[in-house]
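Scroll down for the structure; my scribbles are underneath it.
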Amino acid sequence: MHAMILAGGLSHERDVSIRSGRRVMEELRDAGVEVSMHDVDHDLIPALTTGSVDVVWPLLHGASGEDGSLQALLEVLEVPYVGTTSQAARVAWNKSVAKAVLARNGIKTPAAITMPQSLFREVGAEQMLDSIAERLGLPLVVKPVRGGSALGLSIVRTRDDLARAMVHCFAYGDMALIEKFVEGTEVAMSVIGSGAEARALPGVEVCAEQGTYDYDARYNPGRIEYFAPARLTEEQAEVVAETALRVHRTMDLRDLSRVDIILDKEGEAQVLDINITPGMTETSLMPQSIAAAGMPLRELYYAIVASAAARGA
């Protein structure tokens, strides 16, 4: 079996993608798979249409790998691939749309307002920010509607910080999600499999320095304390696991996903984010979850690519 890892791309998360790709490639090689790594460039389609590639594992983070475009290309080329279909990826990638789908299916997420950058210019930023802060209350979380790795994310604790957070957010996209900050225990839940066969792995509790799990904290060791498995009661662990599985199935995700959840003070699980292409770097959460489950990475990664290859295009 020849597996091709797609990593790199032109998003802000290029370096993370390459690190993820290299880690997965090493594990697959150790499992006896013929594996190569390719960037998304002019040589990609010729490389995919030679007939030598049995399965592709897209590990591009950001729009190019998670908004459904790359998946749609692979579907057009009839190349089997790991992960969620293009249609489901488009829905999961847009945080505002995903929140609406989850809410419609009874899955709780923090209250939020979505605003485009253009509207701030047209009606006056300060007045709008006053109204938003009054409606949702402080503290708030501001993040791009489309994006990953917490790029552009800020936690806003005072009204004076809100404008700065919006500017930071709009540097990474033209649409902002302004969300009520929920106090509680943050748990990253990894799910493997599809449909009725999907199963949740042990959660990873994330304790961030100053409460901000931003890009720098995620990918630079030392700023985050992780607990895998999460320090939860059996009942709490069941709540977050069931929530992650409901999200995975409701959003029609496939093969693997990571659902970031906050377990609030009332014991309710609220969904913060959905990741269809979880990071696989040395500090990423999914590999920690796999290790907590006592599963060798190479064996699980082999099973994932073998299943995708057998499924076909």
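The numbering used here applies: residue 949 is where the sequence shown begins, and numbers increase by one.
Where a beta carbon is used, it is the ideal one built from N, C-alpha and C, also for glycine.
Since we're looking at a predicted model, the values are computed, not measured.
* For residue 1250, which of helix, strand or coil comes out of DSSP? -> DSSP, read as helix, strand or coil, puts residue 1250 in helix.
* To do: Throw me the rounded Cβ distance for the residue 1153 and residue 1134 pair, which I believe falls under 8 Å.
  => About 7 Å; that satisfies the 8 Å criterion.
* To do: Evaluate contact between the stretch 1028-1048 and the stretch 1235-1245, counting only Cβ atoms and requiring at least three cross-stretch pairs below 8 Å.
  => The stretch 1235-1245 and the stretch 1028-1048 do not touch, with fewer than three beta-carbon pairs separated by less than 8 Å.
* To do: Let me know the alpha helix (DSSP H) ranges lying completely inside the stretch 1049-1099, each 4 residues or longer, listed in chain order.
  => With a minimum length of 4 residues, the continuous alpha helix (DSSP H) runs that stay inside the stretch 1049-1099 are 1065-1071, 1073-1084.
* Rounded C-alpha distance that separates residue 1018 from residue 1055 -> Roughly 28 Å separates the two Cα atoms.
* Residue span of the alpha helix (DSSP H) that contains residue 994, given as start and end -> From DSSP, the alpha helix (DSSP H) with residue 994 extends over 992-996.
* Can you pull the DSSP bridge partners for residue 1174? -> For residue 1174, which the question treats as bridged, DSSP gives the partners 1154.
* Asked: Three or more beta-carbon pairs under 8 Å between the stretch 1127-1147 and the stretch 1184-1196, yes or no?
  -> They touch, by the three-pair rule.
* Asked: In chain order, what residues of the same chain lie with their CB nearer than 6 Å to the CB of residue 1221, ignoring the 5 residues before and after it?
  -> Result list for residue 1221: 1208, in chain order.
* Asked: Who are the Cβ neighbours of residue 1253 in its own chain at under 8 Å, not counting the five residues just before and after it?
  -> If you ignore the 5 residues before and after residue 1253, its C-beta comes within less than 8 Å of the C-beta of 949, 951, 976, 981, 1003, 1005, 1030, all in its own chain and listed in chain order.
* Asked: What residue from 1016, 999, 1012 has the CA that sits closest to residue 956's CA?
  -> For residue 956, the closest C-alpha among the options 1016, 999, 1012 is that of 1012.
* To do: With DSSP collapsed to three states, give me the class of residue 1026.
  => Of the three classes helix, strand and coil, the one that applies to residue 1026 here is coil, per DSSP.
* Asked: Is the beta carbon of residue 1090 sitting closer than 7 Å to the one on residue 1071?
  -> No, these two residues do not count as a Cβ contact at 7 Å.
* Whole angstroms is fine: what's the gap from residue 1036's alpha carbon to residue 1202's? => Roughly 9 Å between the two C-alpha positions.
* Is DSSP giving residue 950 helix, strand or coil here? -> Residue 950 falls in the strand class under three-state DSSP.
* Would you kindly report the start and end of the unbroken beta strand (DSSP E) that includes residue 1182? => Residue 1182 -> not in any beta strand (DSSP E); alpha helix (DSSP H) instead, spanning 1182-1198.
* **Reference residue 1204; option with closest CA among 1244, 1231, 1145, 1179** => The shortest C-alpha to C-alpha distance from residue 1204 to any of 1244, 1231, 1145, 1179 is the one to 1145.
* **From 1020, 1261, 1027, residue whose alpha carbon lies closest to that of residue 1038** => Residue 1038 has its Cα closest to that of 1020, out of 1020, 1261, 1027.
* Have a look at residue 1113 and residue 974 and give me their C-alpha separation to the nearest angstrom. => Computed Cα separation, rounded: 38 Å.
* What residues in its chain sit with their C-beta under 8 Å from that of residue 1044, if we drop five residues either side in the sequence? -> For residue 1044, same chain residues with a beta-carbon under 8 Å away, outside a window of 5 residues either side, are 1060, 1062, 1093, 1123, 1125 in chain order.
* Asked: The beta strand (DSSP E) with residue 960 in it runs from where to where?
  -> No beta strand (DSSP E) holds residue 960; DSSP gives it neither H nor E.
* Beta-carbon separation of residue 1016 and residue 1034 under 7 Å? -> The Cβ atoms of residue 1016 and residue 1034 lie closer than 7 Å to each other.
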